[in-house]
Amino acid sequence: MALKKGLMLFITAAIVLIIILAFTIYVHFGKQQIYDEALDYLMVNQEYYKSDMKSITVEHSIPGIFLSHKNEWTVKVVFNDEPKARYFYNVRKGKVFQTGWSGSTENDLYLHSESVQCGY
1025 MALKKGLMLF ITAAIVLIII LAFTIYVHFG KQQIYDEALD YLMVNQEYYK
1075 SDMKSITVEH SIPGIFLSHK NEWTVKVVFN DEPKARYFYN VRKGKVFQTG
1125 WSGSTENDLY LHSESVQCGY
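Note that this note's numbering gives residue 1110 to position 86 of the sequence shown, counting from 1, and the numbers run on in steps of one.
Next up, the structure:
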């Protein structure tokens, strides 16, 4: 009887470990894919050079997997000429779009906004 409990515990632990490992791999490769899609969008569609960007950070949201109103992937971009401003992009079904900005800029003008409202 103790052997059966030990075996069940081992199988349960193995299943949990496999799920955690699979999720970690999914997020790792997903981040790289989203990074590539966002960089391609910024360079091809918005005509930026990679050297224009100080950093590109991809963040994953677990609720975004299950909730349709949440975004699974968010990309945060900091441009060299506005180091105190952050621009946010979402990627859904292969489409990249700017969703907002935060931080500060000189004269409160956001040079890299994609909407008239962002740049005033």
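Note that CB positions come from ideal geometry on N, CA and C, so glycine has one too.
Below 7 Å CB to CB, which residues in the same chain sit around residue i once its five sequence neighbours on both sides are set aside?
i: H1084; result: V1051, G1054, K1055, E1096, W1097
i: Y1065; result: V1120
Helix or strand or just coil, what does DSSP make of residue i?
i: Y1144; result: Summary for Y1144: the model assigns pLDDT 40, below 50, so the residue's position carries little reliability; its value from the coordinates is reported in the next sentence. Coil at Y1144, not helix or strand.
i: E1138; result: coil
i: E1106; result: strand
Terminal residues of the continuous alpha helix (DSSP H) containing residue i?
i: I1089; result: 1087–1090
Pull up the CB-CB distance for residue i and residue j, whole angstroms please, since I reckon it's below 8 Å.
i: K1078; j: F1103; result: 6 Å
If you drop the 5 nearest sequence neighbours on each side, which residues of the same chain put their C-beta closer than 6 Å to that of residue i?
i: L1091; result: none
i: K1131; result: Rather than Lys, the amino acid found at residue 1131 in this sequence is Asn. Excluding positions up to five away in sequence, the list is empty.
i: Q1122; result: Y1113, E1138
i: K1108; result: G1127, S1128
Which stretch, first to last residue, makes up the beta strand (DSSP E) that contains residue i?
i: V1101; result: 1097–1103
i: K1117; result: Where K1117 is concerned, there is no enclosing beta strand (DSSP E), given that its DSSP letter is neither H nor E.
i: M1077; result: 1077–1084
Applying the criterion that 16 or more other CB atoms from any shown protein chain within 10 Å of the CB defines a buried residue, is residue i buried or exposed?
i: V1082; result: buried
i: Q1145; result: There is simply no residue 1145 to check, as the chain begins at 1025 and stops at 1144 in what is shown.
i: I1058; result: buried
i: A1037; result: exposed
Kindly list the residues whose CB is nearer than 8 Å to the CB of residue i, restricted to its own chain and excluding five residues on each side of it in sequence; keep chain order.
i: K1094; result: S1085, P1087, G1088
i: I1042; result: none
i: R1110; result: K1100, V1101, V1102, W1125, S1126, G1127
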